[in-house]
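Protein chains in written order, with our numbering: chain A, 10 to 237; chain B, 10 to 247; chain C, 525 to 756.
Beta carbons: idealized from backbone N, C-alpha and C, even for Gly.
Quick caveat, the model's predicted, so the values are computed rather than measured.
What follows is one structure encoded as structure tokens, with my remarks underneath.
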Amino acid sequence: MTVRREWRRARAIAWKDLTAERRSKAGFNGVVTLAVTILVMFGFALGPDAQALRDAAAGAVWLAALFAGVLAFNRSYQLELDGGALEQLVLYPGSRRTIFAGKLLANFAFVGLMLAIVVLVGIVLFQVQVPAQWPALVGNLFLGMVGLVTLGTFYAAIASRSRAREVLLPLLLFPMLVPVLLAAMEATKALLGGNVMGDAGAWTRLLIVFDVIFLVATFLAFESVIEV
Amino acid sequence: MSNAAIAPAIAVPRTGGWQKFGWFAFVFLIGSQALAIAISPPDRDMGDLQKIMYVHVPSAWMTMLAPLALLFFSLRYLWRRHEEDDLLAAAAGEVAVAFSGLTLVLGMLWARPTWGVWWTWDARLTSTLVLFLILAGFLSVRALIDDREQRAQWSAAVGILGAINVPIVYMSVRWWRTIHQIQSSPATVDPAYVIGLRLNAFAFLFVMIYFIRRRYEAALIERAAEHVAERAALGGSA
Amino acid sequence: MGSGGAVHAIDAIDVARRFGSTWVLRGVSLRVEPGEVVGLLGANGSGKSTLLRILSTLLRPHAGTVRVFGRDVAEAPQDVRSLVGFLAHSPGLYDDLTARENLVFAAAMLDRDTSEVDEALERVGLLAASERQVRGLSAGMQRRLALARMILVRPRLLLLDEPFSNLDTDGIALMNALITEWTTAGAAAVVVLHELAPAANVLDRTTTIVDGRIADTTHAEAAALALVAGGR
Numbered sequence: 010m011t012v013r014r015e016w017r018r019a020r021a022i023a024w025k026d027l028t029a030e031r032r033s034k035a036g037f038n039g040v041v042t043l044a045v046t047i048l049v050m051f052g053f054a055l056g057p058d059a060q061a062l063r064d065a066a067a068g069a070v071w072l073a074a075l076f077a078g079v080l081a082f083n084r085s086y087q088l089e090l091d092g093g094a095l096e097q098l099v100l101y102p103g104s105r106r107t108i109f110a111g112k113l114l115a116n117f118a119f120v121g122l123m124l125a126i127v128v129l130v131g132i133v134l135f136q137v138q139v140p141a142q143w144p145a146l147v148g149n150l151f152l153g154m155v156g157l158v159t160l161g162t163f164y165a166a167i168a169s170r171s172r173a174r175e176v177l178l179p180l181l182l183f184p185m186l187v188p189v190l191l192a193a194m195e196a197t198k199a200l201l202g203g204n205v206m207g208d209a210g211a212w213t214r215l216l217i218v219f220d221v222i223f224l225v226a227t228f229l230a231f232e233s234v235i236e237v
Numbered sequence: 010m011s012n013a014a015i016a017p018a019i020a021v022p023r024t025g026g027w028q029k030f031g032w033f034a035f036v037f038l039i040g041s042q043a044l045a046i047a048i049s050p051p052d053r054d055m056g057d058l059q060k061i062m063y064v065h066v067p068s069a070w071m072t073m074l075a076p077l078a079l080l081f082f083s084l085r086y087l088w089r090r091h092e093e094d095d096l097l098a099a100a101a102g103e104v105a106v107a108f109s110g111l112t113l114v115l116g117m118l119w120a121r122p123t124w125g126v127w128w129t130w131d132a133r134l135t136s137t138l139v140l141f142l143i144l145a146g147f148l149s150v151r152a153l154i155d156d157r158e159q160r161a162q163w164s165a166a167v168g169i170l171g172a173i174n175v176p177i178v179y180m181s182v183r184w185w186r187t188i189h190q191i192q193s194s195p196a197t198v199d200p201a202y203v204i205g206l207r208l209n210a211f212a213f214l215f216v217m218i219y220f221i222r223r224r225y226e227a228a229l230i231e232r233a234a235e236h237v238a239e240r241a242a243l244g245g246s247a
Numbered sequence: 525m526g527s528g529g530a531v532h533a534i535d536a537i538d539v540a541r542r543f544g545s546t547w548v549l550r551g552v553s554l555r556v557e558p559g560e561v562v563g564l565l566g567a568n569g570s571g572k573s574t575l576l577r578i579l580s581t582l583l584r585p586h587a588g589t590v591r592v593f594g595r596d597v598a599e600a601p602q603d604v605r606s607l608v609g610f611l612a613h614s615p616g617l618y619d620d621l622t623a624r625e626n627l628v629f630a631a632a633m634l635d636r637d638t639s640e641v642d643e644a645l646e647r648v649g650l651l652a653a654s655e656r657q658v659r660g661l662s663a664g665m666q667r668r669l670a671l672a673r674m675i676l677v678r679p680r681l682l683l684l685d686e687p688f689s690n691l692d693t694d695g696i697a698l699m700n701a702l703i704t705e706w707t708t709a710g711a712a713a714v715v716v717l718h719e720l721a722p723a724a725n726v727l728d729r730t731t732t733i734v735d736g737r738i739a740d741t742t743h744a745e746a747a748a749l750a751l752v753a754g755g756r
């Protein structure tokens with residue numbers, strides 16, 4: 010059955026990306042360290058007043074994840090470009106969308122884990138009180154991560170193969186992420202503040218809608234950007 | 010060797026009809042501006058500053074329409090792979106950037122005397138800024154990729170996604186502002202101004218269409234010349 | 525040799541391709557039958573690799589048509605891809621993965637059974653080195669690994685870009701043996717070459733590209749003789 014075959018391909022791509030990442034010296038550790046460093050920089054920029062830090066925590070965490078994430082997204086294609094593997098990848102039979110699905114899965118794992126670490130460090134550095142609704146918070150973090158990784162993986166396919174890739178990826182990605190980031194940051198802020206106004210639910214619903222729209226759109230458009 | 014196979018000959022456009030349209034559009038614009046300025050009374054609070062609305066608001070409306078053109082032509086390019094659609098999409102994108110930039114500048118010129126600051130994170134202005142950046146990204150993609158087919162395909166994908174995001178950005182930024190409820194921008198428009206606005210809206214629409222057309226024609230002529238040079242290079246050497 | 529069937533393995537007519545404004549291929553026509561092994565000669569920059577890429581569907585022709593076993597490369601690239609095995613000049617392997625892992629990945633992408641991986645490794649003589657990362661393999665071993673991947677592909681059209689470079693005598697013999705095996709079963713092969721010697725025994729004929737055009741098509745023996753004569 011072709012779905013089984015495509016699923017096998019997607020899993021293989023995700024496994025390949027994650028294995029290569031695990032073994033390369035500079036990979037995950039470097040990106041996480043960068044994210045934490047950025048968080049510390051935000052601490053200097055916004056602190057040391059405790060309340061100011063708590064108010065800014067949600068924004069700082071998401072931005073740190075965003076800036077470090079840019080590195081992760083470009084890396085996932087760098088892997089293919091280094092040895093000329095992209096040509097062979099494109100020549101395999103099967104849907105181009107499967108390539109996107111595989112890379113998405115790998116990046117979900119990579120960026121998801123990085124985000125988790127950044128959140129934990131952020132809770133400590135920014136003196137955040139973990140709210141009672143922390144499961145909802147985790148849910149929001151996950152949904153925001155999905156939106157971030159979906160658009161990041163898509164645009165990196167273009168940026169990593171053009172000149173000025175370090176500039177082009179943020180330039181393309183950041184404005185497109187405004188809705189997702191706004192929803193994620195606001196939901197996070199609301200939940201950290203105990204969700205007094207009840208906004209978190211509305212922002213979460215918006216976030217789900219955004220994720221679905223961008224997942225569908227990028228899947229449909231990926232075919233046009235993976236080929237030469 | 011079939012030269013037609015290399016690149017279908019591009020019909021270099023006859024500009025006669027469009028030139029007349031251009032004249033009409035500009036005359037209509039000047040007329041609409043003059044009329045609007047003449048018949049509208051000064052605003053209670055803003056005074057004559059209100060008149061800037063007749064350029065700012067239609068410009069803002071065009072900023073939302075131009076991405077639709079970008080979306081349409083990008084989709085059509087991916088469907089039919091005709092070079093003309095790629096050039097039309099690029100023209101629409103450039104005009105969209107121009108109008109969004111104009112909207113931003115005018116918005117800032119209005120904000121300064123009204124609220125004393127250049128920027129207020131007002132919902133509509135902020136969304137326009139994000140849209141400006143999205144379009145700037147689109148133009149960067151076109152600038153950074155040399156291969157014609159690759160550039161056409163990638164910028165079509167980027168253009169489609171960017172255009173889809175426009176309403177989403179507006180919606181999310183507006184929600185963001187509503188929740189934090191700081192300044193609300195004047196929402197209702199006094200009926201005295203409506204005629205002026207409507208007239209100028211059409212004027213701007215005509216001007217925008219004309220701009221896109223002229224930009225497209227220039228690109229078309231350039232591309233046709235490239236094709237001729239390529240055919241010559243191919244057929245020429247022994 | 526050639527089959528009795530009507531479908532050519534390759535039927536390329538007037539293929540042209542430019543990069544930017546420079547034409548690299550200026551109208552190349554090539555016909556290859558199933559079972560044939562064709563050598564493609566030419567100086568650097570003559571367009572040989574570009575032609576190979578077009579045949580593999582990695583590049584689209586800007587003019588002309590190319591059909592591989594009856595399928596058009598521009599209209600139905602996915603169909604053509606299921607028939608083609610492309611051995612590029614750079615091996616296209618993942619440095620941080622082991623030899624076996626690279627093949628396991630290829631097997632998953634090609635929808636082959638994982639048991640075929642060990643068979644392929646054995647055939648190319650890499651079974652002993654299979655747990656080493658590609659990063660630590662010599663260029664010749666990487667070429668063999670790429671060949672092992674080709675075994676998993678089961679190609680009907682072999683496109684080989686300077687396949688003999690970096691191979692030792694055993695490697696050359698292996699390459700020739702595999703080419704013969706596949707073409708006897710009905711596959712066709714186009715081999716981009718710098719020198720004829722390693723492939724002399726398997727080539728049926730050669731074609732030379734000069735400045736993006738076909739210069740001549742000769743049978744292998746005559747070409748080999750010509751080269752040898754020119755060298756003295």
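C-beta contact flag for residue i and residue j at 8 Å
i: Phe109 (chain A); j: Phe231 (chain A); result: yes
i: Thr732 (chain C); j: Leu565 (chain C); result: yes
i: Ile169 (chain B); j: Leu80 (chain B); result: yes
i: Ala44 (chain A); j: Ala73 (chain A); result: yes
i: Arg31 (chain A); j: Val137 (chain A); result: no
i: Leu576 (chain C); j: Asp685 (chain C); result: yes
i: Thr638 (chain C); j: Val648 (chain C); result: no
i: Ala210 (chain B); j: Pro67 (chain B); result: yes
i: Val556 (chain C); j: Ala533 (chain C); result: yes
i: Gly202 (chain A); j: Leu134 (chain A); result: no
i: Gly146 (chain B); j: Leu157 (chain A); result: no
i: Ala165 (chain B); j: Ser83 (chain B); result: yes
i: Gln162 (chain B); j: Ser104 (chain A); result: no
i: Val548 (chain C); j: Gly571 (chain C); result: yes
i: Gly131 (chain A); j: Ala59 (chain A); result: no
i: Ser654 (chain C); j: Arg624 (chain C); result: yes
i: Leu178 (chain A); j: Ala193 (chain A); result: no
i: Leu681 (chain C); j: Val592 (chain C); result: yes
i: Arg133 (chain B); j: Trp127 (chain B); result: no
Own chain residues within Cβ distance below 7 Å of residue i, not counting five before or after
i: Arg17 (chain A); result: none
i: Phe228 (chain A); result: Arg106, Phe109
i: Trp119 (chain B); result: Leu58, Ile61, His65
6 Å Cβ shell around residue i - same chain, five flanking residues per side excluded
i: Lys25 (chain A); result: none
i: Ile163 (chain A); result: A small fix is needed here, since residue 163 (chain A) is Phe in this sequence, not Ile. Taken in chain order, the residues that qualify are Thr227.
i: Ala228 (chain B); result: Leu96
Interface flag, residue i vs chain A, CB-CB below 8 Å
i: Ala227 (chain B); result: no
i: Ala69 (chain B); result: no
i: Asp635 (chain C); result: yes
i: Trp263 (chain B); result: Lying before the first or after the last residue shown, residue 263 (chain B) is absent from chain B, which here runs from 10 to 247.
i: Gly244 (chain B); result: no
Where residue i meets chain D, residues with beta-carbon distance less than 8 Å
i: Phe610 (chain C); result: No chain D appears in the structure shown, which is made up of the protein chains A, B and C.
is_contact[residue i, chain C] using C-beta, thresh 8 Å
i: Glu231 (chain B); result: no
i: Glu103 (chain B); result: no
i: Ser33 (chain A); result: yes
i: Ala234 (chain B); result: no
i: Ala241 (chain B); result: no
i: Ala238 (chain B); result: yes
i: Ala110 (chain A); result: no
Cβ-based neighbour list, residue i, same chain, cut-off 8 Å, excluding 5 preceding and 5 following
i: Met123 (chain A); result: Phe37, Val40, Val41, Ala44, Ala74, Ala77, Gly78, Ala81
i: Phe215 (chain B); result: Phe30, Phe33, Ala34, Phe37, Leu38
is_contact[residue i, chain B] using C-beta, thresh 8 Å
i: Val70 (chain A); result: no
>> Could you tell me which whole beta strand (DSSP E) segments of length 3 or greater appear in the stretch 148-172 of chain A?
In response: none
> Using a Cβ cut-off of 9 Å, which residues of the stretch 72-100 of chain B contact any Cβ in chain C, in chain order?
Replying inline: none
> Of the residues that make up the stretch 139-161 of chain B, which ones have a beta carbon closer than 8 Å to any beta carbon in chain C?
Replying inline: Of all residues in the stretch 139-161 of chain B, only Asp155, Asp156, Glu158 place a beta-carbon less than 8 Å from a beta-carbon of chain C.
>> Threshold first: 4 residues or longer. Then list the alpha helix (DSSP H) segments lying entirely within the stretch 36-114 of chain B, N to C.
In response: 62-89
> the stretch 536-561 of chain C: which residues have C-beta closer than 7 Å to a C-beta of chain B, in chain order?
Replying inline: Asp538, Ala540, Arg542, Gly544, Ser545, Trp547, Arg550, Gly551
> When you check each C-beta in the stretch 167-194 of chain B against every C-beta of chain A, which residues fall closer than 8 Å?
Replying inline: Val167, Ile169, Leu170, Gly171, Ile173, Asn174, Ile177, Val178, Met180, Ser181, Val182, Trp184, Trp185, Ile188
> What are the start and end residues of each continuous beta strand (DSSP E) run of 3 or more residues lying completely inside the stretch 633-718 of chain C, in chain order?
Replying inline: Scanning the stretch 633-718 of chain C from its first residue to its last, the whole beta strand (DSSP E) runs of 3-plus residues come out as 681-685, 712-716.
> Taking any Cβ of chain C, which residues in the stretch 61-95 of chain A have a Cβ under 9 Å from it, in chain order?
Replying inline: Leu88, Glu89, Asp91, Gly92, Gly93, Ala94, Leu95
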